[in-house]
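Trainee:
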Amino acid sequence: MSLRNEASKVSRVAKMLREAGPRAAVIWFAVYVLVCLTGQKFNTDYLNYGWQLIPWDILSADPLRSVFYLHIQPPLWNLLLGISAWLSPLSDRITLQVLMALIGIAVAWMAAVLARRLGLSRNAAVIVSLIATLHPEVFKGAFEPTYELATAGLLLLVLIAVADLSRKENVRRSLVVLASAVTVTALTRSLFHPVWAIVIVIFGLWLMRHRINWKSTLVVLSIPVILMGGWMAKNEVVFGHATMSSWFGMNLQRAVIPVLPKDQLDEMYARDQVSDIAMIGPFGKYDLYKDVVEPCVPEHNFRALVELTRTTDEWSPNFNAECFLPIFDQAGKDAFAVIKEHPEAWLEGRLWSLRTTVAVSPIPSESPSVVVRGLDQLFSIARLDLGGVLSTKGWGTPIYGQLEARTDFGLMLIPMYLFIGLLGLWQIIQRVRRKALSSTAPIYVVGSFTVAFTVVVGAIAELGEQSRFRTMVDPIVTVMALAIVIPFVRRQFHKARSYKN
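Numbering of the sequence shown is given in numbering that gives the first Met the number 0, commencing with residue 0 and proceeding in unit increments.
Below, the structure written as structure tokens:
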């Protein structure tokens, strides 16, 4: 009996490994192990200075209270890291390395599943998954506890959930999965605003409008409304800010004011159109601002809200400190004033940000692992990397000084992203013209919307972070693009062979 059970287990495992998802995950993990064996280390420096985190010594010791008093970010990434470190008997480095490796395995698995949903064969889906997830800019996320890799996995899950809506199984369950996936994404990464989440949920409900009743509709809509609304309501009650992320105003200040010529900024300051905060600049230590704001006494006696500087890094402010809230608010007012008075400065910053979107990270090329460096060289050819310069010369108050940084730009990324963006638009146009659409059309519509939202919103309200934003959507762009290119190439090949015969 025991032998029969063991044989049955082996048979189930063998059957599972015949699927694209598990195969891709196993190969990805094998490459991950090889990279570790050839010198790549897991880097925990981010825990010491990461602005998006509650100071690590506080978060890892008291994750639940820390996240309750978090206001600069949505809660889930801080919660995941904090609880993992709090519960684990292992060191933070080992605990988080295991966590990020598991996330990487899941991302490779889901990329293969999405490729299969888009019609690729099992072997092609595995190859596409590995291309999407071993891309060094994506792959490096497995070696640091940042949220880009996890967000990439959540976006893959969103598209898989959209694909599953067309199946004949439990429609309500599929809609619940979709609503949960977009909600978790929005509660993990502030870039994915509740508007993005609600639009996708409503689109899913519209697709299934003939197969669900009003009760199911209310259940599905309640997931993002209650969870995202609950987080915003908590922030309103505790801090007086009904927001997913309290530092949006300072992000916007960083996006526009550094570009404005200094004489124009001085003129606005002289006319009291902007405050001292605009003259000091964004994301500085609290000591820079304390003389130009009202004296601050925190209302809550919790370290994450009281301490102005991290004990783990004396140069990194704790932006979750309660006293930064009025500074964030004023920074936002100053930014809007500059945008209104000098829209050309805002536009110049947006063009600079869009260019930064296709800038390539130098980190993989500097890896101690020969495997990572080899992957980087291979992908640099595929991306058609071209050397260039990111310059802040001519800016009035550049954040990092007058800078000319040499960097590579992935030229192939431009047509890939444009293609995916236009593809979703084409599907909508076809639907409006009452043309028949394939079962994969909703996937491309949601994927295109997500990619466009990431690029456009990332460029509108940020400066300098765009390449990081791009790595979150690189996997879905790669899978969707190759799911069209591979069948097209195959058809052309068969046509050419038929013509010869």
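For each residue, glycine too, the CB sits at the ideal point set by N, CA and C.
Hey, residue 104 and residue 202: beta-carbon distance below 7 Å or not?
Mentor: Mapped onto the sequence shown, residue 104 falls at position 105. Mapped onto the sequence shown, residue 202 falls at position 203. Their beta carbons are not under 7 Å apart, which means residue 104 does not touch residue 202 by this criterion.
Trainee: Excluding the 5 residues preceding and the 5 following residue 483 in the sequence, name in chain order all residues of the same chain whose CB lies nearer than 7 Å to its CB.
Mentor: Residue mapping note: residue 483 aligns to position 484 of the sequence shown, counting from 1. Nothing listed; no residue qualifies.
Trainee: Who are residue 384's beta bridge partners in DSSP?
Mentor: Numbered from its first residue, the sequence shown carries residue 384 at position 385. Residue 384 pairs with 409.
Trainee: Counting Cβ pairs, one atom from each stretch, are 3 or more of them under 8 Å apart for the stretch 33 to 50 and the stretch 128 to 147?
Mentor: Result yes; three or more Cβ-Cβ pairs closer than 8 Å.
Trainee: When the distance is taken between beta carbons, is residue 450 closer than 7 Å to residue 472?
Mentor: Taking the first residue of the sequence shown as 1, we reach residue 472 at position 473. Taking the first residue of the sequence shown as 1, we reach residue 450 at position 451. For residue 472 and residue 450, yes; Cβs fall inside 7 Å.
Trainee: Among the candidates 40, 44 and 354, whose CA atom is the shortest distance from the CA of residue 454?
Mentor: On the sequence shown, residue 454 is found 455 positions in, with the first residue counted as 1. Nearest of 40, 44 and 354 to residue 454, Cα basis: 354.
Trainee: Going by DSSP in three states, residue 421 sits in which element: helix, strand or coil?
Mentor: In the sequence shown, the residue the question calls residue 421 occupies position 422. Correct three-state label for residue 421: helix.
Trainee: Can you give the Cα-Cα distance for residue 157 and residue 188, rounded to whole angstroms?
Mentor: Position 158 of the sequence shown, counted from the start, is the residue given in the question as residue 157. Position 189 of the sequence shown, counted from the start, is the residue given in the question as residue 188. Their Cα atoms are separated by approximately 14 Å.
Trainee: By the DSSP assignment, the alpha helix (DSSP H) with residue 79 in it spans what residues?
Mentor: Here residue 79 refers to the residue found at position 80 of the sequence shown. Per DSSP, residue 79 belongs to the alpha helix (DSSP H) from 75 to 86.
Trainee: Assuming residue 319 and residue 307 make a contact with CB atoms under 8 Å, what is their CB distance in whole Å?
Mentor: For the purposes of this step, residue 319 is taken as the residue at position 320 of the sequence shown. For the purposes of this step, residue 307 is taken as the residue at position 308 of the sequence shown. About 10 Å separates the two Cβ atoms, so there is no contact after all.
Trainee: At which residues does the alpha helix (DSSP H) containing residue 172 begin and terminate?
Mentor: The residue given as residue 172 occupies position 173 in the sequence shown. From DSSP, the alpha helix (DSSP H) with residue 172 extends over 170 to 185.
Trainee: Ends of the alpha helix (DSSP H) at residue 193?
Mentor: Taking the sequence shown and counting its residues from 1, the one referred to as residue 193 is at position 194. Unbroken alpha helix (DSSP H) run through residue 193: 193 to 206.
Trainee: So what's residue 52 in DSSP terms, helix, strand or just coil?
Mentor: Reading the sequence shown from its first residue, position 53 is the one you call residue 52. Coil, per DSSP.
Trainee: Look at the alpha carbon of residue 210 and the alpha carbon of residue 474, and state the distance between them as a whole number of angstroms.
Mentor: Here the question's residue 210 lines up with position 211 in the sequence shown. Here the question's residue 474 lines up with position 475 in the sequence shown. Going by the C-alpha atoms only, they are around 31 Å apart.
Trainee: What does residue 403 pair with, by DSSP beta-bridge criteria?
Mentor: Along the sequence shown, one-based indexing puts residue 403 at 404. DSSP lists 390 as partners of residue 403.
Trainee: Is residue 54 buried or exposed, if buried means 16 or more other CB atoms sit within 10 Å of its CB?
Mentor: In the sequence shown, counting from the first residue as 1, residue 54 sits at position 55. Residue 54 should be labelled buried.
Trainee: So, do the stretch 131 to 139 and the stretch 62 to 74 have three or more beta carbon pairs nearer to each other than 8 Å?
Mentor: The answer is no - the stretch 62 to 74 does not touch the stretch 131 to 139, with fewer than three Cβ pairs under 8 Å.
Trainee: Can you check whether the CB of residue 170 is closer than 7 Å to the CB of residue 207?
Mentor: Within the sequence shown, the letter at position 208 stands for residue 207. Within the sequence shown, the letter at position 171 stands for residue 170. Contact flag set, yes.
Trainee: Tell me the start and end of each unbroken alpha helix (DSSP H) in the stretch 271 to 303 that is at least 4 residues and wholly inside, in chain order.
Mentor: List check, alpha helix (DSSP H) in window: 275 to 279 and 285 to 288.
Trainee: So for residue 308, helix, strand or coil by DSSP?
Mentor: To locate residue 308, count along the sequence shown from 1; it is residue 309. If DSSP states are grouped into helix, strand and coil, residue 308 belongs with the strands.
Trainee: From what residue to what residue does the alpha helix (DSSP H) around residue 216 run?
Mentor: Within the sequence shown, the letter at position 217 stands for residue 216. Its alpha helix (DSSP H) spans residues 213 to 238.
Trainee: Identify whether residue 60 lies in helix, strand or coil by the three-state DSSP scheme.
Mentor: The residue labelled residue 60 in the question sits at position 61 within the sequence shown. Three-state result, residue 60: coil.
Trainee: Where does residue 443 land, buried or exposed, given buried means 16+ other C-beta within 10 angstroms?
Mentor: The residue given as residue 443 occupies position 444 in the sequence shown. So residue 443 ends up on the buried side.
Trainee: My output table needs one value for residue 476: the three-state DSSP class, helix, strand or coil.
Mentor: Mapped onto the sequence shown, residue 476 falls at position 477. If DSSP states are grouped into helix, strand and coil, residue 476 belongs with the helices.
Trainee: If you run the structure through DSSP and keep just helix, strand and coil, what is residue 397?
Mentor: For the purposes of this step, residue 397 is taken as residue 398 along the sequence shown, with counting starting at 1. The answer is coil: DSSP assigns residue 397 none of H, G, I, E or B.
Trainee: Among 297, 299, 276 and 282, which one has its Cα closest to the Cα of residue 290?
Mentor: Counting from one through the sequence shown, the residue named residue 290 turns up at place 291. That would be 276, whose Cα lies nearest to the Cα of residue 290.
Trainee: In the DSSP assignment, what residue or residues form a beta bridge with residue 359?
Mentor: Indexing the sequence shown from 1 puts residue 359 at position 360. In the DSSP output, where bridge partners are listed per residue, residue 359 has 407.
Trainee: From which residue to which residue does the alpha helix (DSSP H) around residue 108 run?
Mentor: The residue you call residue 108 lines up with position 109 of the sequence shown. Start and end: 91 to 116.
Trainee: Using only alpha-carbon positions, find the residue among 196, 356 and 415 that is nearest to residue 226.
Mentor: Here the question's residue 226 lines up with position 227 in the sequence shown. When each option's Cα is compared against that of residue 226, the closest is 196.
Trainee: Could you give the distance in angstroms between the alpha-carbon of residue 403 and the alpha-carbon of residue 412?
Mentor: Along the sequence shown, one-based indexing puts residue 403 at 404. Along the sequence shown, one-based indexing puts residue 412 at 413. Between residue 403 and residue 412, the C-alpha separation is close to 23 Å.
Trainee: State the Cα-Cα distance for the pair residue 74 and residue 183, rounded to the nearest angstrom.
Mentor: On the sequence shown, residue 74 is found 75 positions in, with the first residue counted as 1. On the sequence shown, residue 183 is found 184 positions in, with the first residue counted as 1. Looking at the two C-alpha atoms, the distance is approximately 10 Å.
Trainee: Only counting the same chain, and skipping five residues up and downstream in sequence, which positions put a Cβ closer than 7 Å to that of residue 368?
Mentor: One-based indexing of the sequence shown puts residue 368 at position 369. So the list reads 34, 37, 38 and 39, once near-sequence residues are dropped.
Trainee: Cβ atoms of residue 331 and residue 248: under 7 Å apart, would you say?
Mentor: If you number the sequence shown from 1, residue 248 lands on position 249. If you number the sequence shown from 1, residue 331 lands on position 332. Yes, these two residues count as a Cβ contact at 7 Å.
Trainee: Between 456, 31, 420 and 228, which lies nearest to residue 440 when the distance is taken from Cα to Cα?
Mentor: As a working note, residue 440 is residue 441 in the sequence shown. Among 456, 31, 420 and 228, the Cα nearest to that of residue 440 belongs to 420.
Trainee: Pull up the DSSP beta-bridge partners for residue 316, would you.
Mentor: Along the sequence shown, read from residue 1 onward, the residue named residue 316 stands at position 317. 308.
Trainee: What number of angstroms, rounded off, separates the C-alpha of residue 135 from the C-alpha of residue 43?
Mentor: Residue numbering aside, residue 135 sits at position 136 when the sequence shown is read from its first letter. Residue numbering aside, residue 43 sits at position 44 when the sequence shown is read from its first letter. The straight-line gap from Cα to Cα measures roughly 18 Å.
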